[in-house]
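**Student:**
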Amino acid sequence: MKNISYEFVLRRLSTVLSVAIISLSVMAAVTGILLSFYYEPVAGRAYQSLNWINTEIANGALIHSIHDLAGNALIVTALIQIVVMFLGRQFRSSWLTAWISGILLTLSAIGLSWTAMLLDWSQIGYWRFRIELSTIEAIPLIGGSLRNILTGGGAVNTTTVAHLYTIHSYLLSVGAIVLAIIHLWGLLQQEKEMKGATVETPTAAVKLERSQQERNFSQTLS
Ligand code: HEM
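The opening residue of the sequence shown carries number 1 in full-length UniProt numbering; numbering runs sequentially from there.
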């Protein structure tokens, strides 16, 4: 029977997870684009427009739910991926592309969820954003500038919704998809290289097995 190592299982699992990550990113991006046909990034109108999508547009509630689900599932999957890659020791320099892109992808997924906080212009979103904004503002040196970039002047209003919407739907979503592609490519590329290396130079386990076989053979001869 083939001897399957723990590291091999973890490596395969991380490849499967990276396919799930790409699928979730594409699903979130496609449903996000569909939402944008009716969503209005305006302080007073955002809540009503999402309500309108949920109740009046054909399959609107389904598309909205898929977007929310895919976006949140992406965060969970990306975090699991980091743990699986860590246990599989894929943080080593040979796996660097997949490791770094995986970490950046996880950060973008969290960023996408964070920038969506104000997009529905609900009471919870508004007050949560105000509280988190005051924490950002307290960062030494760059706090004030960060607040201005995020809000577009300081106050939380339509400009803020527009800024967060642009960061969410153009910058971070494109970034997440590009990173998901690089992540899968990095994993597949490294798998291919490892396969080649196993054929040319036997691993320590294979070497040990061979030397044991040779020893057994010489014992039976003597
Ligand atoms: C990789 C792509 C994307 C990911 C991972 C993503 C993720 C998310 C997440 C996690 C939320 C918050 C869901 C919640 O309420 O729990 C959200 C909300 C939202 N996203 Fe995206 N998104 C993506 C792309 C887009 C794009 C391309 C658009 C529009 C052009 C968009 C528009 C929206 C809108 C309008 C909301 C607010 C809906 C709500 O509050 O329920 N998203 N997104």
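All C-beta atoms in this analysis are idealised placements derived from N, C-alpha and C, irrespective of residue type, glycine included.
Closer than 7 Å to a non-hydrogen atom of the ligand HEM - does that hold for the CB of N51?
**Tutor:** no
**Student:** Identify whether E200 lies in helix, strand or coil by the three-state DSSP scheme.
**Tutor:** Reliability of the predicted coordinates at E200 is poor, the pLDDT of 47 falling under 50, and the value obtained from them is presented with this limitation in mind. Taken through DSSP and simplified to helix, strand or coil, E200 comes out as helix.
**Student:** In chain order, what residues of the same chain lie with their CB nearer than 7 Å to the CB of G88, ignoring the 5 residues before and after it?
**Tutor:** E7, L10, R11 and S14
**Student:** Helix, strand or coil, according to DSSP, for Y39 in the structure here?
**Tutor:** coil
**Student:** Identify, in the order they occur along the chain, each residue of the same chain with its Cβ nearer than 7 Å to the Cβ of W99, setting aside the five sequence neighbours on each side.
**Tutor:** M85, Q90 and F91
**Student:** When we look at the beta-carbon of A61 and count the other beta-carbons within 10 Å, is it buried (16 or more) or exposed?
**Tutor:** So A61 counts as exposed.
**Student:** For L184 and Q81, which I take to be in contact (beta-carbon distance under 8 Å), what is that distance rounded to the nearest angstrom?
**Tutor:** In this structure L184 is not in contact with Q81, their Cβ atoms being roughly 11 Å apart against a cut-off of 8 Å.
**Student:** Can N59 be considered in contact with the ligand HEM, in the sense that its beta carbon sits closer than 7 Å to one or more heavy atoms?
**Tutor:** Incorrect: N59 has no Cβ contact closer than 7 Å to the ligand HEM.
**Student:** In whole angstroms, give me the CA-to-CA distance for A162 and S101.
**Tutor:** Cα to Cα, A162 sits roughly 28 Å from S101.
**Student:** Give me the residue from I124, S122 and G153 with the minimum Cα distance to E137.
**Tutor:** G153
**Student:** Please state the DSSP three-state secondary structure of I139.
**Tutor:** coil
**Student:** Can you tell me whether H67 sits near the ligand HEM, meaning its C-beta is under 7 Å from at least one heavy atom of the ligand?
**Tutor:** yes
**Student:** Could you check what DSSP says for R89 in three-state terms: helix, strand or coil?
**Tutor:** Residue state for R89 is assigned as coil, using DSSP reduced to three classes.
**Student:** CB of N72 to nearest heavy atom of the ligand HEM: below 7 Å?
**Tutor:** yes
**Student:** If we count Cβ pairs, one from each stretch, closer than 8 Å, do we get three or more for the region 67-78 versus the region 26-41?
**Tutor:** yes
**Student:** Once you ignore the five residues that flank Y38 on each side, which residues in its own chain have a CB closer than 8 Å to its CB?
**Tutor:** S49, W52, I53, I57 and G60
**Student:** Could you spell out where the alpha helix (DSSP H) holding S108 opens and where it closes?
**Tutor:** In the DSSP annotation of this structure, the continuous segment of the alpha helix (DSSP H) that includes S108 starts and ends at L96 to T115.
**Student:** What separation, rounded to the nearest whole angstrom, lies between the Cα atoms of T151 and L118?
**Tutor:** Straight through space, the alpha carbons of L118 and T151 are spaced by roughly 11 Å.
**Student:** In whole angstroms, give me the CA-to-CA distance for T97 and L187.
**Tutor:** 8 Å
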